[in-house]
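In case it helps, full-length UniProt numbering puts the sequence shown at residues 1 to 429.
All residues carry an ideal CB built from backbone N, CA and C; glycine is no exception.
Remember, predicted model here, so these are calculated numbers, not experimental data.
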Amino acid sequence: MVKGQQLEVLNALDVAKTQWYHFTAIVIAGMGFFTDAHDLFCISLLTKLLGRIYYDVPGSGKPGALPINVSAAVSGVALCGTLAGQLFFGWLGDKMGRKKVYGITLVMMVAMSIASGLSFGSTAKGVMTTLCFFRFWLGFGVGGDYPLSATIMSEYANKKTRGSFIAAVFAMQGMGILAGGSVSLIVSFAFEAKFKPPPFKVNPIASLPSESDFIWRIVLMFGAIPAATTYYWRMQMPETARYTALVAKDAKQAASDMSKVLKVQIDAEEEKVDKIAKSEKNQFGLFTKEFANQYGLRLLGSTSTWFLLDIAFYSQNLFQKDLFSSVGWIPPAADMKAIREVYMVARAQTLIALCGAVPGYWFTDPAKRDHAYPAGMGKGKSLIVLGVTNFIVMLCTLMVPESKGKSLEELAGEGVETDEVDNDRRSSA
Numbered sequence: 001m002v003k004g005q006q007l008e009v010l011n012a013l014d015v016a017k018t019q020w021y022h023f024t025a026i027v028i029a030g031m032g033f034f035t036d037a038h039d040l041f042c043i044s045l046l047t048k049l050l051g052r053i054y055y056d057v058p059g060s061g062k063p064g065a066l067p068i069n070v071s072a073a074v075s076g077v078a079l080c081g082t083l084a085g086q087l088f089f090g091w092l093g094d095k096m097g098r099k100k101v102y103g104i105t106l107v108m109m110v111a112m113s114i115a116s117g118l119s120f121g122s123t124a125k126g127v128m129t130t131l132c133f134f135r136f137w138l139g140f141g142v143g144g145d146y147p148l149s150a151t152i153m154s155e156y157a158n159k160k161t162r163g164s165f166i167a168a169v170f171a172m173q174g175m176g177i178l179a180g181g182s183v184s185l186i187v188s189f190a191f192e193a194k195f196k197p198p199p200f201k202v203n204p205i206a207s208l209p210s211e212s213d214f215i216w217r218i219v220l221m222f223g224a225i226p227a228a229t230t231y232y233w234r235m236q237m238p239e240t241a242r243y244t245a246l247v248a249k250d251a252k253q254a255a256s257d258m259s260k261v262l263k264v265q266i267d268a269e270e271e272k273v274d275k276i277a278k279s280e281k282n283q284f285g286l287f288t289k290e291f292a293n294q295y296g297l298r299l300l301g302s303t304s305t306w307f308l309l310d311i312a313f314y315s316q317n318l319f320q321k322d323l324f325s326s327v328g329w330i331p332p333a334a335d336m337k338a339i340r341e342v343y344m345v346a347r348a349q350t351l352i353a354l355c356g357a358v359p360g361y362w363f364t365d366p367a368k369r370d371h372a373y374p375a376g377m378g379k380g381k382s383l384i385v386l387g388v389t390n391f392i393v394m395l396c397t398l399m400v401p402e403s404k405g406k407s408l409e410e411l412a413g414e415g416v417e418t419d420e421v422d423n424d425r426r427s428s429a
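Set out below in structure tokens:
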């Protein structure tokens, strides 16, 4: 887009007062993050149970456990699918539109959540293989849903409150982690109350009732419920105006859609869209010098910050359950029955989510600086690595431009000068 050419429909979105459709978009996009977090992290609550069920060695004197390579595969394969899904659905979203692809990813997530719970095989290896297969494709769907949720919210939001709205959407990720723990708590508690098995050291065989196999399947399939409930509302959302007007070049449809959403009259400006399309000078590929010059620094700053942050975020949420016994949060495995171990791990994870992830999204204060880790806990190598990583993240943020009060076109460095708008519309922002 060239200077002085911002469309009225885009400017109307940028200066619109906060209204009901903003909150509707937050709920719809936020449920995407809620489901994504549940699907990705609930597996960490179940790996110990999977080890007891499928890798038990009679007479060994200790509960079964997943081999290290199997545990890593089961826990991390969804993230491999997420990487592939982000690249594929990101490209597809620019070709087909956000709305269509948003629906495709949702259907895939529902189907693969159910399929994961129905994983089958005549051997332990067979069950783990089918589970990894289905979770890879679950991650593939999550990979498309995750960035599309943020993109749709950012393209619907106004300049004044875009940051708050996107933060609200991301906050649902903490709620998804909490939901995964809560579902595991409820299911394991119900099964324990029903079957009352003894601890492993009392009776190794009776400590693992055959019905335990249903627990992990129920928890995995639960992820299909919040996803399925939002399908109708996703399909009712109009395509974002920025895609319809600037990519699909359909000014009339963009104006019509946003007139209904904003409840104001917006001119189609078809001639301006044609003019922008003809004068567009940014039609260059991703791996070109022109792209690197215009977007490279912003892209590097955003992606590297996100990547380094996620090293700590995902590794902590997926593998922290392995530390619970070491620090005394839960008893040794031999002192517990299989179902009780699920309950104890889920309880610890839920407490962490309640005390950290959930409030952390809402009450982060950028004006305060604390060292975060109390000195009494020790300064191990892992904390040094975490500290160095976080320092690098801080440096990477210096490459990201300030976004407050700017339109998406201004953030992209496209030199947009917004047109004048009605005084009453500007004053209502």
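Open item on the list: Which residue marks the beginning of the alpha helix (DSSP H) containing Thr230, and which one marks its end?
Closed with: For the purposes of this step, residue 230 is taken as residue 230 along the sequence shown, with counting starting at 1. Premise fails: Thr230 is in no alpha helix (DSSP H) and is neither H nor E.
Task: Thr130 vs Ser113 beta-carbon contact at 8 Å - done: By 1-based counting over the sequence shown, the position of residue 130 is 130. By 1-based counting over the sequence shown, the position of residue 113 is 113. No. Outside cutoff.
Task: Nearest to Ile26 (by Cα), restricted to the options Lys194, Ser188, Met172 - done: Against the sequence shown, residue 26 aligns to sequence position 26. Nearest option by C-alpha distance: Met172.
- [ ] Compute the Euclidean distance between the alpha carbons of Thr47 and Trp216, then round it to the nearest angstrom.
- [x] Along the sequence shown, read from residue 1 onward, the residue named residue 47 stands at position 47. Along the sequence shown, read from residue 1 onward, the residue named residue 216 stands at position 216. Answer to the nearest angstrom: the Cα atoms are 9 Å apart.
- [ ] Report yes if the CB atom of Gly174 is closer than 8 Å to the CB atom of Gly139, and no otherwise.
- [x] Locating residue 174 in the sequence shown gives position 174, counting from the first residue. Locating residue 139 in the sequence shown gives position 139, counting from the first residue. Taking 8 Å as the Cβ cut-off, Gly174 and Gly139 do not qualify as a contacting pair.
Task: Span of the alpha helix (DSSP H), counted from its first residue to its last, around Asp113 - done: The count along the sequence shown starts at 1 and reaches residue 113 at position 113. The sequence given here places Ser at residue 113; Asp does not occur at that position. 98 to 117 is the extent of the alpha helix (DSSP H) around Ser113.
- [ ] Give the straight-line distance between the Cα atoms of Ser60 and Leu185, rounded to the nearest whole angstrom.
- [x] Within the sequence shown, residue 60 is the residue found at index 60, counting from 1. Within the sequence shown, residue 185 is the residue found at index 185, counting from 1. Whole-angstrom Cα-Cα distance: 29 Å.
- [ ] Give me the Cα-Cα distance between Ile218 and Ala179, rounded to the nearest whole angstrom.
- [x] Start at 1 with the first residue of the sequence shown, and residue 218 comes out as number 218. Start at 1 with the first residue of the sequence shown, and residue 179 comes out as number 179. Taking the straight line from one Cα to the other gives about 13 Å.
Task: First through last residue of the alpha helix (DSSP H) which encompasses Asp36 - done: Start at 1 with the first residue of the sequence shown, and residue 36 comes out as number 36. Segment 20 to 41, the alpha helix (DSSP H) holding Asp36.
- [ ] In angstroms with no decimal places, state the Cα-to-Cα distance between Met153 and Leu300.
- [x] Start at 1 with the first residue of the sequence shown, and residue 153 comes out as number 153. Start at 1 with the first residue of the sequence shown, and residue 300 comes out as number 300. Using only the alpha carbons, I get a separation of about 22 Å.
Open item on the list: Quick check on DSSP: helix, strand or coil for Gly223?
Closed with: Residue 223 sits at position 223 when you count from the first residue of the sequence shown. Looking at Gly223 - three-state DSSP - the assignment turns out to be coil, as it is neither helix nor strand.
- [ ] Taking all protein chains shown into account, decide if Tyr243 is buried (16 or more other Cβ within 10 angstroms of its Cβ) or exposed.
- [x] Position 243 of the sequence shown holds residue 243. Buried.
TODO: Identify, in the order they occur along the chain, each residue of the same chain with its Cβ nearer than 7 Å to the Cβ of Val261, setting aside the five sequence neighbours on each side.
DONE: Looking up residue 261 in the sequence shown gives position 261. Here the set comprises Tyr21, Pro238.
TODO: Out of Ala78, Phe134, Val169, state which residue places its alpha-carbon closest to the alpha-carbon of Leu148.
DONE: Along the sequence shown, one-based indexing puts residue 148 at 148. Residue Val169 is the option with its Cα nearest to Leu148.
Open item on the list: Measuring straight from C-alpha to C-alpha, what distance separates Leu104 and Leu83?
Closed with: Stepping through the sequence shown from its first residue, residue 104 is reached at position 104. Stepping through the sequence shown from its first residue, residue 83 is reached at position 83. A small correction: the amino acid at residue 104 is Ile; Leu does not occupy that position in the sequence shown. So the alpha carbons of these two residues sit roughly 17 Å apart.
Task: Continuous beta strand (DSSP E) assignments of at least 3 residues falling wholly in the region 120 to 145 - done: none
Open item on the list: For Thr123, tell me which candidate among Ile177, Ile53, Phe34 has the shortest Cα-Cα distance.
Closed with: Within the sequence shown, the letter at position 123 stands for residue 123. Comparing Cα positions, the closest option is Ile53.
- [ ] Could you check which residue in Gly143, Asp274, Pro331 has the C-alpha nearest to that of Val77?
- [x] Within the sequence shown, numbered from 1, the residue matching residue 77 stands at position 77. Comparing Cα-Cα distances from Val77 to each of Gly143, Asp274, Pro331, the minimum goes to Gly143.
Open item on the list: Among the candidates Ile339, Thr151, Asn317, whose CA atom is the shortest distance from the CA of Thr350?
Closed with: As a working mapping, residue 350 is identified with position 350 in the sequence shown. Thr350 has its Cα closest to that of Asn317, out of Ile339, Thr151, Asn317.
Open item on the list: I'd like the span of the alpha helix (DSSP H) that includes Ile177, first residue to last.
Closed with: The residue you call residue 177 lines up with position 177 of the sequence shown. Start and end: 162 to 195.
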